[in-house]
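Novice:
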Amino acid sequence: MASYVVMEPPERNPEQAVLVRDGFAILAFIAPFLWFLWHRMWLEALAAVAAALLLGAFGALEGWSVAATVASLCLSLFFGLEARNLRVSMLKRRGWHEWGVVDADNRDEAETRFMAELVFADDEARQETPSPALTDRPAPAKGFGRGSEPALGLFSYPGAR
16 MASYVVMEPP
26 ERNPEQAVLV
36 RDGFAILAFI
46 APFLWFLWHR
56 MWLEALAAVA
66 AALLLGAFGA
76 LEGWSVAATV
86 ASLCLSLFFG
96 LEARNLRVSM
106 LKRRGWHEWG
116 VVDADNRDEA
126 ETRFMAELVF
136 ADDEARQETP
146 SPALTDRPAP
156 AKGFGRGSEP
166 ALGLFSYPGA
176 R
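Per the numbering used here, residue 16 is the first one in the sequence shown, and the count goes up by one each step.
1. Could you name the residues of the same chain whose beta carbon sits closer than 6 Å to that of S87, not counting the 5 residues immediately before and after it, in chain order?
2. If you draw a straight line from the C-alpha of R109 to the C-alpha of E77, how long is it?
3. For L92, which residues of its own chain have a beta-carbon under 7 Å away from its beta-carbon, when the five flanking residues on both sides are left out?
4. Would you report the Cα separation of P25 and V103, rounded to the nearest angstrom?
5. Take A60 and list the residues in its own chain whose beta-carbon comes closer than 6 Å to its own, dropping the five residues that flank it on each side.
6. Classify D37 as helix, strand or coil using the three-state DSSP reduction.
7. How long is the line joining the alpha carbons of L106 and A72, rounded to whole angstroms?
8. Compute the beta-carbon to beta-carbon distance between A125 and V117, rounded to the nearest angstrom, for a pair I have assumed lies under 8 Å.
Written out as structure tokens, the structure reads:
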């Protein structure tokens, strides 16, 4: 079962929410520049190109080709592992809000669970709103349990609420 991070746009419209699957991104491992461009991650794409050029220049030096190859493989592995987290960070920079995490077998099931949770939360909110007849009643006493009695054997101090 995979985990999906649900990101809502700044206007909090659940219809436009983006689900980002947590896990290894094979395309980001193979071609990080293209993966970043596909997801409109301009700064990350620029950083990937700069890192690739730097490693290419490093590998052109005599005796450093093996080290540059290993570093390039490590960089690709990093992009494959962290590309989805970088996408969540990019969305946060653009003002998106993290709604939460949904566990599902595939993307369609994750969307269904997300929408079901929204409907369930909306129903609970409607049930918790007091009716006009209940608003005339006095507010319940503050404190733990019944009135001002101590809870779980804790001492209460006179005048403290």
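Using N, Cα and C, we set each Cβ at its ideal position, and we do this for glycine too.
Specialist: According to the structure data:
1. L70
2. Taking the straight line from one Cα to the other gives about 43 Å.
3. F44
4. 14 Å
5. Only residues of its own chain outside the window of five on either side were considered, and among them F48, F51 and L52 have a CB closer than 6 Å to the CB of A60, listed in chain order.
6. coil
7. 32 Å
8. 5 Å
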